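S.K.: If you want the numbering used here, it's the 1-based position in the sequence shown plus 714.
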Amino acid sequence: YEVCTEWRNAVLDEVESQRPDVVIVGNSATYDFNAVQWIEGSARIFERLSKAASYVLVIPGTPALGFDGPGCVARNINNNVQINTELCSSTNQMQDIYPITSYLQQAVDRYENVHVLDLNQLVCPDEICRAITEDGVVVFRDGQHLTDSFVRYLAPKIRSLMGAATKGDVFLENQ
715 YEVCTEWRNA VLDEVESQRP DVVIVGNSAT YDFNAVQWIE GSARIFERLS
765 KAASYVLVIP GTPALGFDGP GCVARNINNN VQINTELCSS TNQMQDIYPI
815 TSYLQQAVDR YENVHVLDLN QLVCPDEICR AITEDGVVVF RDGQHLTDSF
865 VRYLAPKIRS LMGAATKGDV FLENQ
């Protein structure tokens, strides 16, 4: 889509003119690109961003839950307003994410100030994706998108990981 290319270039131009300390880039793992397209296409973007910002953090796309999360929670909540989180969970959702994360890592390895900040172990701990956390926070607002309340719930952990990343420390990459 030409409009996407125009939009992306305008955003990159703006980032270059602003020269921010940190740029955070997210992506979706659902694009049907091959390995070379993922790596080289991402590297072209990271090349520009690495020159414009002190640090660039790349957040890989999140896995899809595979079913409607809130619907599952609503169907499985008991009279005591409790839910067995296992009833609304899925495994093997990370298998589609790992290759894309690897491609992104290969692209960022070219730049000292660009890092992958993989938050998917926070979303799907132990490779199990759940519609709701043990603390009762709804994770997915549908089958793929995270709820605002879940992201806010994770904010302290994410903030800590971002701080570690911009200091050059080891941070959550394939842990």
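Backbone N, C-alpha and C define an ideal beta-carbon position, used for all residues, glycine too.
Since we're looking at a predicted model, the values are computed, not measured.
Exposed or buried, Trp752, counting other C-beta atoms within 10 Å across all chains shown (16 or more means buried)?
M.R.: buried
S.K.: Taking 6 Å as the limit between beta carbons, can you name the residues of its chain near Gln819, skipping five residues before and five after?
M.R.: Excluding sequence neighbours, Gln819 sits near Val830.
S.K.: Mind listing, in chain order, the continuous alpha helix (DSSP H) runs of no fewer than 4 residues lying wholly within the region 780-824?
M.R.: 783-790 and 811-822
S.K.: With DSSP as the reference, please indicate the residues paired to Cys838 in a beta bridge.
M.R.: Answer is none; Cys838 lacks a bridge partner.
S.K.: Compare the C-alpha of Ser803 against each of Ala845, Pro813 and Ser764 and name the closest.
M.R.: Ala845
S.K.: Would you say the region 804-815 touches the region 865-881, given that touching needs at least three Cβ pairs under 8 Å?
M.R.: The answer is no - the region 865-881 does not touch the region 804-815, with fewer than three Cβ pairs under 8 Å.
S.K.: Could you compute how far the alpha carbon of Ala778 sits from the alpha carbon of Ser768?
M.R.: Here the C-alpha atom of Ala778 lies approximately 32 Å from the C-alpha atom of Ser768.
S.K.: Compute the Euclidean distance between the alpha carbons of Val851 and Cys718, then round it to the nearest angstrom.
M.R.: Taking the straight line from one Cα to the other gives about 34 Å.
S.K.: Note down the Cα distance separating Glu754 from Thr861, rounded to an integer number of angstroms.
M.R.: 31 Å
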